[in-house]
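>
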Amino acid sequence: MLQKWSQTLIPTTREAPNDAELPSHIMLHRAGFIRQVGAGIYDYLPLGWRVINKVSAIVREEMEAAGAAEMLMPALEPFELFKDTKRDETYGDNLFRVKDRKGRMNALAPTHEEVITQLLIGAVTSYKQLPLTLYQIQTKFRDEARPRAGLLRCREFLMKDAYSFHFGVEGAGGLNETYDAMYRAYTNIFTRCGLDFSAVEAESGPIGGSASHEFMVNCASGEDTILKCPASGYAANVEKCEIGDRAHDLGAAPAGDLTEKHTPGMPGIDAVAGHLGVSPSGMLKTIVFKVTGGAAGAPSWVLATVRGDHDVNEGKVKALSGCAVMLAPEAEAKKAGFAIGYVSPRVVNTIPGCMLLIDPDATHAGGWATGSDRADHHCVNFNWRRDVGGALDDASKVRVGDVRNALEGDPSPRAAGSRLVTARGIEVGHIFKLGVKYSEAMGLWVLDEKQQRRSVIMGCYGIGVSRTMAACVEMSHDENGIIWPAAIAPYHVLICLMKPDDARQREAAGEIACRLVGEGVDVLLDDRDERPGVKFKDADLVGIPLRITIGDKSLEQGGVEFKHRADTGKARLVPTGDVVGVCLEGLRTGV
RNA sequence: CGGGGUGUAGCGCAGCUUGGUAGCGCGUUUGACUGGGGGUCAAAAGGUCGUGGGUUCAAAUCCCGCCACCCCGACCA
114 MLQKWSQTLI PTTREAPNDA ELPSHIMLHR AGFIRQVGAG IYDYLPLGWR
164 VINKVSAIVR EEMEAAGAAE MLMPALEPFE LFKDTKRDET YGDNLFRVKD
214 RKGRMNALAP THEEVITQLL IGAVTSYKQL PLTLYQIQTK FRDEARPRAG
264 LLRCREFLMK DAYSFHFGVE GAGGLNETYD AMYRAYTNIF TRCGLDFSAV
314 EAESGPIGGS ASHEFMVNCA SGEDTILKCP ASGYAANVEK CEIGDRAHDL
364 GAAPAGDLTE KHTPGMPGID AVAGHLGVSP SGMLKTIVFK VTGGAAGAPS
414 WVLATVRGDH DVNEGKVKAL SGCAVMLAPE AEAKKAGFAI GYVSPRVVNT
464 IPGCMLLIDP DATHAGGWAT GSDRADHHCV NFNWRRDVGG ALDDASKVRV
514 GDVRNALEGD PSPRAAGSRL VTARGIEVGH IFKLGVKYSE AMGLWVLDEK
564 QQRRSVIMGC YGIGVSRTMA ACVEMSHDEN GIIWPAAIAP YHVLICLMKP
614 DDARQREAAG EIACRLVGEG VDVLLDDRDE RPGVKFKDAD LVGIPLRITI
664 GDKSLEQGGV EFKHRADTGK ARLVPTGDVV GVCLEGLRTG V
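Each residue of the first sequence is one higher than the one before, starting from 114 at the first, in this note's numbering.
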């Protein structure tokens with residue numbers, strides 16, 4: 114299609130609002146793609162909306178190709194819908210609540226598992242109707258505690274969400290088959306969008322195993338940390354990343370007498386380490402978790418001890434302990450006797466109902482510095498065997514295993530001798546296996562061939578469409594503006610008309626535009642009566658992949674100027690008759 | 001939710017300490033000169049100084065409350 118600049122709204126600005134800090138936020142604002150309406154709420158202006166629609170179109174094609182059918186569910190839902198799955202509680206304050214005129218509570222949907230599960234109850238009753246995959250592209254709402262980073266973390270945003278329904282997990286028509294199909298579809302989508310991305314293992318859903326993958330746009334400013342093994346190709350979010358085998362030894366001999374030191378007002382590792390004159394890697398950090406909904410015989414508390422320079426990973430604590438846990442509320446933990454901020458592993462012997470998890474890296478060496486189980490005190494020369502004793506040999510009380518976040522340089526879990534490397538990413542897609550979490554909570558079942566009720570097995574698959582636009586800018590820009598991949602650029606070609614009131618130039622532009630449109634190319638014609646400098650600055654800012662400049666200079670030489678946005682050099686002269694072909698070639702080879 | 005910061009013209013900012021007619025740059029409008037990387041000159045339009053209260057003869061400025069927005073942290077199926 115052809116769009117005249119003068120007939121749309123592209124409010125470019127020299128300066129971005131002071132609030133904008135990230136390149137994507139600054140550029141999208143300055144180039145006239147978005148405007149902020151409130152915290153985490155944005156207008157999508159004509160250029161921004163075109164990018165969103167280009168992404169959406171690719172998403173639709175790949176979803177349909179993967180056998181999913183599009184539909185649309187409401188953003189506004191009765192609050193009761195969230196009761197069965199308890200997400201009114203578990204989603205907590207992130208769930209937008211709206212009271213209507215009759216005083217009823219409603220929710221603005223953060224995602225649509227409940228709505229679609231409700232829909233399927235009654236609509237699908239036989240195993241013969243499965244598998245089934247439905248999707249929508251819809252506005253989602255999350256009452257984020259802190260919206261930030263422009264389009265990357267919004268309270269209202271555009272998301273593609275798909276849900277699949279199955280009779281089984283394995284085999285034809287099973288969850289795994291659709292999951293794999295979605296994995297391929299996502300790979301196709303982000304590849305076609307022209308993004309540099311990684312698929313990584315993510316914190317798994319209720320089914321466990323490697324049942325979840327995130328698709329991350331590779332970008333140094335990304336919010337998420339991912340780790341990769343160069344040898345095996347293993348890649349995972351830091352929340353999930355396993356660590357290869359590490360030696361451990363709880364038997365080292367004491368290095369000296371356990372000595373208590375006064376460390377007033379220093380619950381943090383760095384302050385204590387400085388005060389005691391030891392490095393954080395010579396300290397032990399013990400984090401207290403409360404066991405939630407523990408069965409009979411389960412511990413009440415799970416303690417995780419890691420080296421002072423390491424971070425405890427809650428998911429790994431759950432896995433190693435076999436308990437559902439949450440970070441212990443400070444008041445509750447203090448009441449139970451924990452000197453929060455000054456806890457040592459010795460409490461496993463003094464406070465009833467404790468299970469202690471020890472990271473392998475926290476086992477070696479003789480004299481550790483650690484808390485003293487008394488406020489404002491730490492001790493030095495802690496020794497596992499001497500100071501914890503027999504409990505170390507009781508697997509119901511003490512377990513050694515991976516409970517910390519992986520770090521650059523850690524051994525790979527998939528290739529002996531290989532070390533993990535870190536990278537940053539922006540999450541734009543997430544797929545995972547839900548299992549029967551929603552179907553059992555809400556009563557979605559079908560009859561099998563023996564007329565037995567079977568809960569439907571579900572998967573769900575999301576793509577942040579508006580976030581993808583921002584992530585792309587984050588990944589692809591220079592100091593002058595955005596550099597769009599052709600596939601999701603608002604237009605493919607920008608025709609820069611130097612003198613819009615010059616008949617010869619106007620005719621040339623019209624003819625080229627017409628032929629490009631005939632080839633299915635989207636053309637933006639800058640027909641504004643502006644100085645060349647302004648037009649070129651705006652052209653770079655907006656970032657259309659190809660630029661044709663039409664002015665007296667080139668016309669007199671029988672051609673027009675052609676330039677890739679990504680090229681830093683000067684434009685080259687192309688005969689007027691050839692420029693359409695050159696553009697098509699440029700779009701074909703990618704930009 | 002804890003800590004920090006900012007609200008003055010469309011955008012970026014000064015003015016506030018020490019109360020006394022609302023300022024600057026960019027942008028916008030009009031005209032002229034220009035015409036290949038945000039040009040020059042001239043004239044002009046545009047502001048309940050976030051909001052409510054208080055102090056005062058007088059408040060953008062001092063005091064109190066509230067709201068909005070941003071950053072760090074916590075949080076993020």
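Cβ atoms here follow ideal geometry from the backbone N, Cα and C, with glycine treated the same way.
Under the assumption that Val-693 contacts Leu-629 (Cβ atoms under 8 Å), give the Cβ distance between them as a whole number of angstroms.
Correct: roughly 6 Å between the Cβ atoms.
> Quick test of your reading: Asp-642 and Asp-614, contact by CB under 8 Å. State the CB separation rounded to the nearest angstrom.
With 8 Å as the limit, Asp-642 and Asp-614 qualify as a contact, their Cβ atoms being about 7 Å apart.
> Measuring alpha carbon to alpha carbon, tell me which of Phe-209, Thr-126, Met-272, Lys-199 ends up nearest Ile-250.
Taking only the C-alpha atoms, the option nearest Ile-250 is Met-272.
> In the DSSP output, what is Lys-341 paired with across the bridge?
DSSP, once it has assigned bridges, lists Ala-348, Val-534 as partnering Lys-341.
> Should Val-687 be labelled buried (16 or more other beta-carbon atoms within 10 Å of its own) or exposed?
By the 10 Å Cβ count, Val-687 comes out buried.
> Where do the N-terminal and C-terminal ends of the alpha helix (DSSP H) with Gly-381 fall, by residue?
No alpha helix (DSSP H) holds Gly-381; DSSP gives it neither H nor E.
> Check this for me: beta carbons of Ser-457 and Gly-421, under 9 Å apart or not?
No, they are not a contact pair.
> Please say whether Val-586 and Gln-116 have beta carbons closer to each other than 9 Å?
It is not a contact, given that the beta carbons lie outside the stated cut-off.
> If I measure Cβ to Cβ from Lys-612 and keep anything under 6 Å in the same chain, skipping five residues before and after, which residues do I get?
The residues are Gln-618.
> Please check the pair Cys-342 and Ser-525, which I expect to be a contact at CB under 8 Å, by giving their CB distance rounded to whole angstroms.
Cys-342 to Ser-525, Cβ: 4 Å. Contact.
> Of all the options Thr-476, Leu-233, Gly-699, Ala-600, which has the alpha carbon lying nearest to the alpha carbon of Ser-394?
Closest by alpha carbon: Thr-476.
> Please classify Val-647 as buried or exposed, where buried requires at least 16 neighbouring CB atoms within 10 angstroms.
Exposed: under 16 other Cβ atoms inside 10 Å.
> Kindly confirm or deny that the segment 123-139 and the segment 255-265 touch, where touching means at least three C-beta pairs closer than 8 Å.
As far as the Cβ criterion goes, the segment 123-139 touches the segment 255-265, which means the pair count is three or higher.
> Who are Pro-688's beta bridge partners in DSSP?
In the DSSP output, where bridge partners are listed per residue, Pro-688 has Gly-672.
> According to the neighbour-count rule (16 or more other Cβ atoms, all chains shown, within 10 Å of its Cβ), is Asn-131 buried or exposed?
The residue in question, Asn-131, is exposed, as its Cβ has fewer than 16 Cβ neighbours within 10 Å.
> With a threshold of 16 other CB atoms inside 10 Å of the CB of Asp-383, please say whether the residue is buried or exposed.
Exposed, by the Cβ-count rule.
> Assuming Ala-600 contacts Lys-167 under a Cβ cut-off of 8 Å, what Cβ separation, rounded to an integer in Å, is found between them?
Right, the Cβ-Cβ distance comes to about 7 Å (below 8 Å), so this counts as a contact.
> To the nearest angstrom, report how far apart Tyr-347 and Tyr-155 are at their CA atoms.
Cα to Cα, Tyr-347 sits roughly 37 Å from Tyr-155.
> Within its chain, find whatever has a CB closer than 8 Å to the CB of Met-707; leave out the 5 residues flanking it on each side and keep chain order.
Residue coverage of the chain in this structure runs from 114 to 704, which leaves residue 707 outside it and unanswerable.
> Taking one C-beta from the segment 329-341 and one from the segment 305-312 each time, how about it: are there three or more such pairs within less than 8 Å?
Contact between the segment 329-341 and the segment 305-312 is present, because at least three Cβ pairs lie under 8 Å.
> Looking at the structure shown, is Arg-660 part of a helix, part of a strand, or coil, going by DSSP?
Arg-660: strand per DSSP, three-state reduction.
> Answer yes if the segment 145-153 comes into contact with the segment 277-295, meaning at least three C-beta pairs across the two stretches below 8 Å, and no otherwise.
Result no; under three Cβ-Cβ pairs closer than 8 Å.
> Assign Arg-200 to buried or exposed, taking buried as 16 or more other Cβ atoms, counted over all protein chains shown, within 10 Å of its Cβ.
It counts as buried.
> Fully enclosed by the segment 245-314, which alpha helix (DSSP H) runs are 4 residues long or longer?
Runs of the alpha helix (DSSP H) inside the segment 245-314: 288-305.
> Starting from the C-beta of Leu-557, find all residues in its chain whose C-beta is less than 6 Å away, skip the five residues before and the five after it, and write them out in chain order.
Once the five neighbours on either side are set aside, the close Cβ partners of Leu-557 are Thr-230, Leu-233, Ile-234, Val-569.
> Closer than 8 Å is the cut-off here; do at least three beta carbon pairs connect the segment 501-516 with the segment 355-366?
Touching, yes.
> Please state if the CB of Ala-519 and the CB of Val-351 are separated by a distance shorter than 9 Å.
Yes, Cβ-Cβ distance for Val-351 and Ala-519 is below 9 Å.
> Alpha carbon to alpha carbon, what distance is there between Arg-498 and Pro-442?
Straight-line Cα distance between these residues: approximately 30 Å.
> Return the residue from the list His-677, Trp-118, Tyr-299 that minimises the CA-CA distance to Trp-597.
When each option's Cα is compared against that of Trp-597, the closest is His-677.
> Under a three-way DSSP split, which group does Gln-120 fall into?
Reduced to three states, the DSSP call for Gln-120 is helix.
> How big is the Cα-Cα spacing for Leu-560 and Met-396?
Using only the alpha carbons, I get a separation of about 58 Å.
> Nearest to Met-571 by alpha carbon, out of Tyr-551, Lys-563, Val-578?
Nearest of Tyr-551, Lys-563, Val-578 to Met-571, Cα basis: Tyr-551.
> If you run the structure through DSSP and keep just helix, strand and coil, what is Met-186?
Coil at Met-186, not helix or strand.
> Grouping DSSP H, G and I as helix and E and B as strand, with all else coil, what is Asp-653?
Asp-653: helix per DSSP, three-state reduction.
> Leaving out five residues before and five after Ile-320 in sequence, what residues of the same chain have Cβ atoms less than 7 Å from its Cβ?
Note that Ile-320 scores a pLDDT of 45, beneath 50, so its modelled location is shaky; the value from the coordinates is reported in the next line. Closer than 7 Å at the Cβ level, and outside the excluded window around Ile-320, lie Lys-546, Gly-548.
> Which residues bound the alpha helix (DSSP H) around Asp-201?
Looking at the DSSP string, the run of the alpha helix (DSSP H) that includes Asp-201 is 200-203.
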